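Have a look at the structure below before the remarks.
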Amino acid sequence: MSAIYKRELHSYFCGMTAPIFVAFLLLMTGIYMTVYNLMGGYPGFEAALSGVSFVFLIAVPVLTMRSLAEEKHAKTDQLLYALPVSLTSVVLAKYLAMVTVLAVPTGVMCVYPLILNRYGTIGFASAYGSILAFFLLGCALIAVGMFISSLTESQVIAAVVSVGVLLLTYLMAGLAGMIPESTGASFAGFLVIAVLIGVVVQVMVKNSTVSMGVTAVLVAIVSVLYFIKEDLFTGALPDLLEALALFDRLYSFTNGIFDLTAIVYYLTVAALFVYLTVQSMDKKRWS
Amino acid sequence: MIEVKHLVKRYGDFEAVRDVSFTVEKGRIYGFLGPNGAGKSTTMNIITGCLAATEGEVTINGYDIYEDPVEAKSCIGYLPELPPLYTDMSPEEYLYFVGRAKGLKGKALDDGVDRVIAKTSLTPMRSRLIKNLSKGYRQRVGIAQAILGDPEIIILDEPTVGLDPLQIIEIRDLIRELGKDHTVILSSHILTEISAVCDYVIIIAAGKIVASDTIENLTKLNEGKSYIDMDVRGSEDAVKAAAGTLEGVGGIEVQAGENSTHLRLEVPGKEDIRDHVFFTFAERRLPIIAMQYEEVTLEKVFLALTESQKRNRAEEAETPEDTRIRAEDIFGQIGERQAAEQETSAPETPAEETAPAEKPAAEAGNDNDDYKPLFGGN
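Okay, structure coming up:
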């Protein structure tokens with residue numbers, strides 16, 4: 001596992017990916033800090049961080065797009081499959097290498113509150129808490145990006161889809177607010193989701209009986225629940241969508257709240273998508 | 288060492304590998320021979336764990352490739368069809384990476400890398416980037432990677448593709464040397480390559496094993512077997528009568544032509560009976576206007592086997608019986624094949640060895656090209 005981790009780091013730092021990622025993140029953080037803290041005179045570094053989080057929408061796909069897509073494209077994945085290393089270790093090594101790349105600018109950011117401290121009193125707890133949340137948000141997003149990269153052979157597709165998905169999670173809180181809270185709307189929304197899951201199953205297993213079956217079961221469950229316990233559906237869809245809003249958890253930190261559930265949430269998302277990536281790699285052998 | 292039982296690999300409705308079973312014993316060089324698309328690479332990918340079989344099982348030194356993949360894979364060094372190289376590294380860096388991933392450390396790693404670099408004559412290229420190396424050198428890096436760490440079993444998928452004649456000889460010598468203390472499986476669609484280095488041949492065609500035997504046995508059966516094709520000016524009956532008096536002839540086929548009669552003699556003995564044939568026909572005043580002497584070679588065995596298998600592919604889908612052919616049966620098919628001289632072009636069966644993967648879209652270009660700058664924030 002350490003061999004793959006080292007190789008990944010070597011390829012990130014000897015190539016352009018890591019320098020661009022680090023430079024871009026630091027540049028944007030620098031701009032926001034200069035505007036908010038140095039010029040605006042605001043004593044909280046977390047304000048700059050909350051402003052700069054959108055940079056992940058571009059930076060994370062740049063980092064993750066080639067992680068697995070390129071292996072598949074260059075057929076080097078055959079080496080990874082043939083080496084006496086488990087798939088879980090391969091995926092974890094790749095993931096940790098990307099997290100290490102993210103740790104570099106995050107580490108540099110830890111110096112910023114110290115710099116600001118020279119010019120006034122700043123809240124270290126909220127600043128460092130926000131940096132931690134910012135880092136964990138990045139970790140979760142990297143896991144999502146890596147999973148998307150494992151689905152395709154093309155870096156371009158991986159990048160475009162990753163940007164799309166991350167943008168969706170970025171805007172999700174706003175979108176969720178626009179959906180009516182009525183039970184009917186939620187019911188309809190859940191039916192649509194059931195059909196979408198059926199489509200995904202069809203694409204994955206290419207067996208119409210299975211996908212139709214899954215869709216029918218999901219639709220039945222949703223309908224039965226709707227007729228038995230209608231009030232369960234009040235505001236259920238906006239709540240579900242809000243749960244997918246990855247970026248918004250960061251804002252409780254930047255508002256000065258140390259939100260433990262957000263930390264658990266980010267770690268869970270990261271673990272889930274690392275697990276899904278392992279499954280996606282394993283599935284490729286069966287196709 | 289390796290036991291392969293009833294391996295089946297299906298891609299949708301297409302069966303790339305159909306019920307393949309064989310056993311590989313220690314210390315031998317095995318040749319996997321078959322035309323393009325026969326299922327060689329698929330079988331090798333399954334043995335090494337790169338692909339999962341639809342049915343069947345593979346055990347390596349007692350470890351199942353699915354149940355205990357790490358233990359099973361640590362016994363194998365594998366060179367896939369396309370060498371899996373990271374082109375942004377130098378051969379040395381790459382081999383150090385593979386060595387570490389195989390669990391080598393410290394001095395064993397240094398020595399191992401130095402040894403495989405020397406063995407594959409990569410020394411002058413060891414610190415150049417792989418992307419700047421020629422195909423032949425890349426292939427060598429791939430072989431070096433496979434033999435690094437002295438795995439008990441070395442599996443090479445078409446190891447000499449893309450090499451120049453001198454390199455091919457070098458690599459063959461290397462494989463022979465490896466065969467002394469390793470078990471080597473190598474695949475090829477070139478018969479001479481297999482017969483040059485292997486002890487044991489497994490001939491595979493259209494996803495099935497059609498023959499598996501030692502080179503000696505296959506060649507022994509060929510020895511002394513030959514055919515004489517003649518055109519004789521004379522009636523069919525006269526020719527048949529003359530041929531009937533010949534001694535040491537196994538089989539006779541007569542076919543009337545326009546101006547002459549075509550005669551085909553099968554000669555099982557070692558003796559060259561052409562003089563005898565000539566004088567016999569001369570005495571009967573039957574002029575021989577053409578005579579051709581043909582010896583059965585391993586190549587013909589191979590072609591006869593693989594072509595008939597390809598032809599039968601569609602029909603056999605319905606009859607699941609074992610179609611493995613004994614060596615004795617081979618010659619009947621060679622006879623058929625040679626009789627049908629005009630049939631030189633093999634019927635092409637499109638047998639894809641890899642999964643129909645999604646088409647890679649345009650090569651990824653500059654990292655940032657696809658993005659529009661986004662502005663936002665809270």
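Keeping their order, the protein sequence lines are chains A and B.
Here the working numbering is used: the first residue of the first sequence is 1, the next is one more, and so on.
Here the working numbering is used: the first residue of the second sequence is 288, the next is one more, and so on.
The beta-carbon is built from N, C-alpha and C at its ideal position, and this holds for glycine as well.
Owing to the predicted nature of the structure, the values given are computational and were not obtained by experimental measurement.
Nearest chain B C-beta to residue i closer than 8 Å, yes or no?
i, result
"I78(A)", "Sequence inspection shows Gln at residue 78(A); the Ile mentioned does not correspond to that position. Interface residue, yes."
"K75(A)", "yes"
"R249(A)", "no"
"A173(A)", "no"
"R285(A)", "yes"
"P105(A)", "no"
"L83(A)", "yes"
"I257(A)", "no"
"V278(A)", "no"
"R118(A)", "no"
"S86(A)", "yes"
"I221(A)", "no"
"I4(A)", "yes"
For residue i, count neighbouring C-beta atoms within 10 Å of its own C-beta (all shown protein chains included) and say buried if the count is 16 or more, exposed if not.
i, result
"D248(A)", "buried"
"G436(B)", "buried"
"Q432(B)", "buried"
"T532(B)", "exposed"
"N332(B)", "buried"
"G184(A)", "exposed"
"N504(B)", "exposed"
"P105(A)", "buried"
"S414(B)", "exposed"
"E650(B)", "Because the pLDDT at E650(B) is just 40, under 50, the model does not fix this residue reliably, and the value given afterwards should be weighed accordingly. By the 10 Å Cβ count, E650(B) comes out exposed."
"K313(B)", "exposed"
"Y580(B)", "exposed"
"T254(A)", "buried"
"G399(B)", "buried"
"L80(A)", "buried"
"K284(A)", "buried"
Check the C-beta distance from residue i over to residue j and give it rounded, since I have them as a contact under 8 Å.
i, j, result
"I122(A)", "F45(A)", "7 Å"
"F134(A)", "L49(A)", "5 Å"
"G259(B)", "H476(B)", "The requested residue 259(B) is not part of the displayed model; chain B covers only 288 to 665."
"I363(B)", "P438(B)", "5 Å"
"Y381(B)", "L372(B)", "6 Å"
"R551(B)", "E534(B)", "With a Cβ gap of about 17 Å, R551(B) and E534(B) do not count as contacting."
"K75(A)", "L465(B)", "No, K75(A) and L465(B) are not in contact; Cβ-Cβ is about 24 Å, not under 8 Å."
"L366(B)", "D468(B)", "Contact flag wrong, Cβ pair sits at about 18 Å."
"L237(A)", "G189(A)", "4 Å"
"V554(B)", "V526(B)", "17 Å between Cβ atoms; not a contact."
Would residue i pass as an interface residue toward chain A - the criterion being a Cβ-Cβ separation below 8 Å?
i, result
"G538(B)", "no"
"F319(B)", "no"
"L382(B)", "no"
"L435(B)", "no"
"P378(B)", "no"
"P367(B)", "yes"
"A388(B)", "yes"
"P371(B)", "yes"
"D375(B)", "yes"
Whose C-beta lies closer than 8 Å to the C-beta of residue i among residues of the same chain, with five residues either side of it excluded?
i, result
"I142(A)", "V60, L63, T64, Y95, M98, V99, L102, A270"
"F273(A)", "A140, A143, V144, M146, F147"
"H293(B)", "D306, V307, S308, E342, G343, E344"
Enumerate in chain order the residues of its own chain whose CB-to-CB distance from residue i is below 6 Å, with the five nearest sequence positions on each side excluded.
i, result
"N117(A)", "none"
"T407(B)", "R427, I430, A431"
"K296(B)", "A303, V304, T329, A340, T341"
"S586(B)", "It is worth fixing the name first, because residue 586(B) is Glu in this sequence and not Ser. Taken in chain order, the residues that qualify are L478."
"A3(A)", "none"
"V52(A)", "M28, T29, Y32"
"G256(A)", "S126"
Can you find a C-beta in chain E that's less than 8 Å from the C-beta of residue i?
i, result
"V205(A)", "The chain inventory of the structure shown lacks chain E, comprising the protein chains A and B."
To which residues of the same chain is residue i closer than 7 Å at the C-beta, ignoring the five residues directly before and after it?
i, result
"D486(B)", "R315, I316, T501, I502"
"A642(B)", "At A642(B) the pLDDT is 42, less than 50, meaning the model places this residue with poor confidence and gives no usable figure here."
"A194(A)", "T215, L218, V219, V222"
"G129(A)", "F253, F258"
"Y112(A)", "M33, F45"
* To do: Return the residues of the stretch 398-429 of chain B that lie within a Cβ-Cβ distance of less than 8 Å from chain A, sorted by chain order.
  => none
* With 8 Å as the limit, tell me which residues of the stretch 10-43 of chain A have their beta carbon closer than that to any beta carbon of chain B; keep them in chain order. => Within the stretch 10-43 of chain A, the residues whose Cβ lies closer than 8 Å to some Cβ of chain B are H10, S11, C14, G15, M16, T17, I20, Y32, listed in chain order.
* To do: Below 9 Å between beta carbons is the criterion; list the residues of the stretch 347-361 of chain B that meet it against any residue of chain A, in chain order.
  => Listed in sequence order: P356, V357, E358, A359, K360, S361.
* **Residues from the stretch 310-344 of chain B in contact with chain A, defined by Cβ distance under 8 Å** => N332, T335, G336, C337, L338, A339
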